[in-house]
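Asks: In UniProt numbering, the protein residues as written are 1 to 78. Using N, Cα and C, we set each Cβ at its ideal position, and we do this for glycine too. Please see the structure below; I have some questions.
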Amino acid sequence: MEVPDDPPVECPVCETAYDSVSVHDEGVMVNLLDNDRYRRVCFEPTTRRDRSVMRFYHHTHEQTDSAGDATADSEPGG
Ligand SMILES: [Zn+2]
């Protein structure tokens, strides 16, 4: 697995801390439905050595929970 030479501190997509970042230059399948470690992966198209690549930013469950999601806190009825 490739990693970037200059990884940012936060994910540039959702501006949240991430656990790891990987670089891909070909097709890849992502399935997080049953992943105990990672909750979300953000994708950033970029270039590396004049080639188009995708950076994958992996967020753990803890990192995504700490981001806060107040909009999903409403309950029906009441
Ligand atoms: Zn992200």
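1) Just the C-alpha distance for residue 65 and residue 38, rounded to the nearest angstrom, thanks.
2) Check this for me: beta carbons of residue 23 and residue 51, under 7 Å apart or not?
3) Please state the DSSP three-state secondary structure of residue 26.
4) I'd like to know if the region 10 to 21 and the region 41 to 48 are in contact, where contact means that at least 3 CB-CB pairs between them fall below 8 Å.
5) For ligand 1, is there any heavy atom lying closer than 6 Å to the beta carbon of residue 38?
6) Thinking C-beta only, is residue 30 closer than 7 Å to residue 58?
7) Output the distance between the C-alpha atoms of residue 25 and residue 2, rounded to the nearest integer angstrom.
8) If distances are taken between C-alpha atoms only, which option among 17, 62, 7 and 18 comes closest to residue 36?
Replies: In terms of the structure at hand:
1) The alpha-carbon of residue 65 is positioned some 11 Å away from that of residue 38.
2) No, the Cβ-Cβ distance between residue 23 and residue 51 is not below 7 Å.
3) For residue 26, the three-state secondary structure derived from DSSP is coil.
4) In this structure the region 10 to 21 lies against the region 41 to 48, because at least three pairs of beta carbons, one per stretch, are closer than 8 Å.
5) False, no ligand heavy atom lies under 6 Å from that Cβ.
6) Not in contact: residue 58 and residue 30 (Cβ atoms no closer than 7 Å).
7) Computed Cα separation, rounded: 10 Å.
8) Ranking the options by Cα distance to residue 36, first place goes to 62.
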